[in-house]
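First residue of the sequence shown: 1, per full-length UniProt numbering; consecutive thereafter.
Beta carbons: idealized from backbone N, C-alpha and C, even for Gly.
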Amino acid sequence: MENKQVSTTQTAAKEPLIGYVHSIETFGSVDGPGIRYVAFLQGCHMRCQYCHNPDTWKLNVGDQMTADEILEDAAKYRAFWGKTGGITVSGGESLVQIDFILDLFEKAKAMNISTCLDTSGQPFTREQPFFDKFERLMKVTDISLVDIKHIDSAKHKQLTQYGNENILDMIQYMAQHHDDMWIRHVLVPQRTDYDDDLKKLGDYIAKIPNDVVQKVEVLPYHTLGVKKYHEMKIKYRLEGIESPTQDRVANAEKLLHTADYNGYKTWMPLPKL
Numbered sequence: 001m002e003n004k005q006v007s008t009t010q011t012a013a014k015e016p017l018i019g020y021v022h023s024i025e026t027f028g029s030v031d032g033p034g035i036r037y038v039a040f041l042q043g044c045h046m047r048c049q050y051c052h053n054p055d056t057w058k059l060n061v062g063d064q065m066t067a068d069e070i071l072e073d074a075a076k077y078r079a080f081w082g083k084t085g086g087i088t089v090s091g092g093e094s095l096v097q098i099d100f101i102l103d104l105f106e107k108a109k110a111m112n113i114s115t116c117l118d119t120s121g122q123p124f125t126r127e128q129p130f131f132d133k134f135e136r137l138m139k140v141t142d143i144s145l146v147d148i149k150h151i152d153s154a155k156h157k158q159l160t161q162y163g164n165e166n167i168l169d170m171i172q173y174m175a176q177h178h179d180d181m182w183i184r185h186v187l188v189p190q191r192t193d194y195d196d197d198l199k200k201l202g203d204y205i206a207k208i209p210n211d212v213v214q215k216v217e218v219l220p221y222h223t224l225g226v227k228k229y230h231e232m233k234i235k236y237r238l239e240g241i242e243s244p245t246q247d248r249v250a251n252a253e254k255l256l257h258t259a260d261y262n263g264y265k266t267w268m269p270l271p272k273l
């Protein structure tokens, strides 16, 4: 009986981690450096008013896949990646499934595949066990796409139902450890498109070491997800708000000094220590 119990425990320990996947994009060109295989994971705690994928909010639903299954599928497209492409994990909020991403990225790096984490940082905490996992994850993450929803925590909470203190703390951790990142900001009329807020965000980014921030992007708000809200019978909070004008996008790019961040043009994944 005793030996049988040990055998059962050993078998259970070898059970592969399961990830809940919303969708796969095999030829992503805007989800990190180069051409990338993008796994959009299921689950997100934030409720951003402009979210265009409310179908990714629920936890523990979607296609169940292992890291090995994703890597086997991704390998079919490796010839297209070149020297900078690879795998990106997005969401939902990717860090909701940190155990799965850690398993995937550790195996990917063992195969010399470039890894990119797309996150808004909301689950980040320095409490355990999350923090140990995050530190391990950064060691096998070549670059992160970090979405700063709003620089003001109170306005961030109005926009997403959560403050931003832990998100900015995550960015500071990455900066201190020289973890490469792209910073993204969604420009939404009547929500994030105010000069004072954009200046504050630009000043904040400027204080991050310039060898860390490889790119700063302004992403214009769009209404492509409105149909999903209607189909899912969820109230859409930005009804009637249109996309920002090109002038406002250019204004935001100026205030965030996007032209100053050109590291992405020559960026190459480096071996993690």
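Judged by DSSP in its simplified three-state form, glycine 202 adopts helix. The shortest CA-to-CA distance from histidine 177 to any of Lys58, Ile143, Leu255 is the one to Ile143. Taking a cut-off of 8 Å for Cβ pairs, the segment 45-61 and the segment 70-77 do not touch, as fewer than three such pairs fall below it. In this chain, the beta strand (DSSP E) harbouring leucine 219 covers 213-220.
The alpha-carbon separation between isoleucine 98 and lysine 133 amounts to approximately 7 Å. For leucine 71, there is no enclosing beta strand (DSSP E); the residue is found in the alpha helix (DSSP H) stretching over 67-74. When Cβ pairs closer than 8 Å are counted between the two stretches, the segment 182-190 is seen to touch the segment 207-216, the count reaching three or more.
Scanning Leu255, Ile234, Asn166, Tyr221 for the CA closest to the CA of isoleucine 205 turns up Leu255. Leaving aside the five residues that flank aspartate 197 on each side, the residues in its chain whose CB is nearer than 8 Å to its CB run, in chain order, His150, Ile151, Asp152, Lys155.
Taking 8 Å as the cut-off, the Cβ atoms of cysteine 48 and leucine 187 do not count as close.
Here the C-alpha atom of proline 16 lies approximately 14 Å from the C-alpha atom of phenylalanine 105.
In terms of Cβ geometry, phenylalanine 27 and phenylalanine 80 form a close pair [threshold 8 Å]. Beta-bridge partners of glutamine 64 (DSSP): Tyr20.
The beta carbon of glycine 62 sits closer than 7 Å to those of Tyr20, Val21, His22, Gln42, all from its chain and outside the five residues before and after it, given in chain order. In the three-state DSSP reduction, phenylalanine 124 falls in the coil class, being neither helix nor strand.
The beta-bridge partner set that DSSP reports for tryptophan 182 consists of Leu145, Lys215.
Taking the Cα positions, serine 243 is about 42 Å away from alanine 110. Separation of cysteine 44 and aspartate 211 (C-alpha to C-alpha, rounded to the nearest whole angstrom) is 30 Å.
Residue range 36-41 is occupied by the beta strand (DSSP E) that includes phenylalanine 40.
8 Å or more divides the Cβ of alanine 175 from the Cβ of isoleucine 148. Residues Pro33, Trp182, Gln214, Lys215 of the same chain have their beta carbon placed closer than 8 Å to that of tyrosine 264, with the five preceding and five following residues left out of the count. Boundaries around aspartate 247 are those of the alpha helix (DSSP H), 246-255, since no beta strand (DSSP E) includes it. By the neighbour-count criterion, in which a residue is buried when 16 or more other Cβ atoms sit within 10 angstroms of its Cβ, proline 269 is buried. Boundaries of the alpha helix (DSSP H) harbouring valine 226: 226-232, taken from the DSSP string.
Using a 10 angstroms sphere on the CB of threonine 119, the tally of other CB atoms reaches 16 or more, which defines it as buried.
Taking 8 Å as the cut-off, the Cβ atoms of glycine 86 and arginine 36 count as close.
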